[in-house]
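One structure is given below, encoded as C-alpha cells.
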Amino acid sequence: MSEPLNLEALKQQAAVRATDLVRSGMRVGLGTGSTAKYAIEEIGRRVDSGELTGIVGVATSEASDVLARQVGIPVEPLDPRPLDIAIDGADEIDPQLDLIKGLGGALLREKLTEIQTGTLVIIADHTKTVAHLGEKAPVPIEIARFGFLSTIERLRAILPGGRLRQPGAQPYVTDNGNYIYDGQLPAAFDPAVLERQLKGTLGVVETGFFLGMATHAFVAAPDGVQEFRRR
Ligand SMILES: O=C(CO)[C@H](O)[C@H](O)COP(=O)(O)O
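Start counting the sequence shown at 26; every next residue gets the next number (the working numbering).
Structure, rendered in C-alpha cells:
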C-alpha cells in the first residue's frame, strides 16, 4: 500500500529548498500562509544555528511578523529599500509563474512587499500548479469597508459568481482593516486585462493576481521538488 500523501511534508520540502537561496546579510520578504510558515521557521533555525547572520525580515502579515520574532528573525517594517529576496506561498501557479494569491488574506501586504524584490521565490505543494489561472481558486480582491456593498455590486458586474469572504457571522477583516471579495473566474479570460479592470473599479484596494512578479518556484510532489524559473 502506498504512503498517504503528506502535504505538510511537501510544503516543508519546498520551503527548505527556497531557504537555500537566502544568504547572510540579506533583507528577506517573509510570506504568509501554511507554506510560508515553514520558510520562516527554517530561516529562524539557520539564524539560530549561526548559519545565517545579519538577516533582516520584512513580514507580509501580522501573523508572519509574530512568527518571525518567535523564531529569532529580526523584523523591520517595509521601507523603500529593495529586498534581496522574498519567499511566499501561492494559491495557484501557472506555467509562466503568474499567480493567484490571497486566500490567506495577506495579498495587499504581500504585493507591497514582493514588488520590491527582483527575486520572488514561490513555494508550494504540487496541488497549486494549474494550466490556467482560475482553474481551482477564486481571485481574492481586497476592498474598502466603507461602501463595500456598493463596491460588491460593481464587482458583480465583472465577476458575477463571487462573494464577500465571511467565515462566520462577520466578514473576514484583513490586517489593513478591509474586506475581501472572492471572485469566481470565468473559464477563459486574460488575467492582465481583468487585473486592470478590477484595479479600475472604485472601492477595490488590490487584487490577488501576481503577474510577472515570481522569478522562481519550488513545487514539491511525492517524487521530489521541482524548480521552475521565469523565462
Ligand atoms: O497568498 C497567501 C496569503 O495571502 C498565501 O501565500 C496563499 O494563500 C497560500 O497559502 P498556503 O501556503 O497556506 O496554501
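Ideal Cβ placement from N, Cα and C applies to all residues, glycine included.
Taking C-beta atoms as the reference points, Leu-236 and Asp-113 fail to come closer than 8 Å. For Gly-127, the distance from the CB to the nearest heavy atom of ligand 1 is below 7 Å.
With respect to Val-100, Arg-94 sits close: the two C-beta atoms are nearer than 8 Å. In this structure, Asp-119 has its CB at a distance of at least 7 Å from all heavy atoms of ligand 1. For His-157, the closest of Phe-234, Met-238, Ala-194 by C-alpha to C-alpha distance is Phe-234. Around the CB of Asp-116, 16 or more other CB atoms lie within 10 Å, so the residue is classed as buried. Contact annotation, Ala-162 with Leu-128: C-beta distance approximately 6 Å; criterion of less than 8 Å satisfied. Contact check for His-241 against Ile-166 fails: the beta carbons are separated by 8 Å or more. By the Cβ test, the segment 217-224 is not in contact with the segment 125-145, since fewer than three Cβ pairs between them sit closer than 8 Å.
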